[in-house]
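Undergrad:
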Amino acid sequence: MAQEGGEAAPALDMVKLISAEGHEIYISRKCAMVSGTIRAMLSGQFTESKGEITFPDISAPILEKVSQYMYYKTQFSDSTSRLPEFIIEPEIAMELLMAANYLDC
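Just add 8 to wherever you are in the sequence shown, counting from 1, and you've got this note's numbering.
1. Going by alpha carbons, who is nearest to residue 65 out of 33, 91, 43, 28?
2. Where do the ends of the beta strand (DSSP E) carrying residue 46 lie?
3. Can you list, in chain order, the residues of its chain with a C-beta nearer than 7 Å to that of residue 72? Leave out the 5 residues immediately preceding and following it.
4. Hey, could you find the ends of the beta strand (DSSP E) residue 24 is sitting in?
5. Take residue 112 and list the residues in its own chain whose beta-carbon comes closer than 7 Å to its own, dropping the five residues that flank it on each side.
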């Protein structure tokens, strides 16, 4: 399905996350809902409810790692077996902790 101007319509089940540098990350809406902050933005009357959210204070590598975690948590949330380790590089641990705290995930 195309919008005016010949652009493809965005998939309703995807959310675009934009980092401080303008890097775009597409993530499934189901995975994005792992974040309490993103869930509130998508559910409310905000501009972000259209499926595009900009994070001016979160760098691209950190937003990418948070996105990986949201997929990880979605994939293993109902698992009864031992979970594989989610690896976090020590150099990004503090910045990742602050982003995860803000995003409530």
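Positions of the beta carbon are idealized from the N, C-alpha and C atoms, including for glycine.
TA: So, to answer that:
1. Measuring from the Cα of residue 65, the nearest candidate turns out to be 28.
2. Not the beta strand (DSSP E): residue 46 falls in the alpha helix (DSSP H), residues 44 to 51.
3. The residues are 33.
4. Counting along the chain, residue 24 sits inside the beta strand (DSSP E) bounded by residues 22 to 26.
5. Take residue 112, set aside five residues on each side of it, and the residues of its chain with a beta-carbon closer than 7 Å to its own are 43, 44, 45, in chain order.
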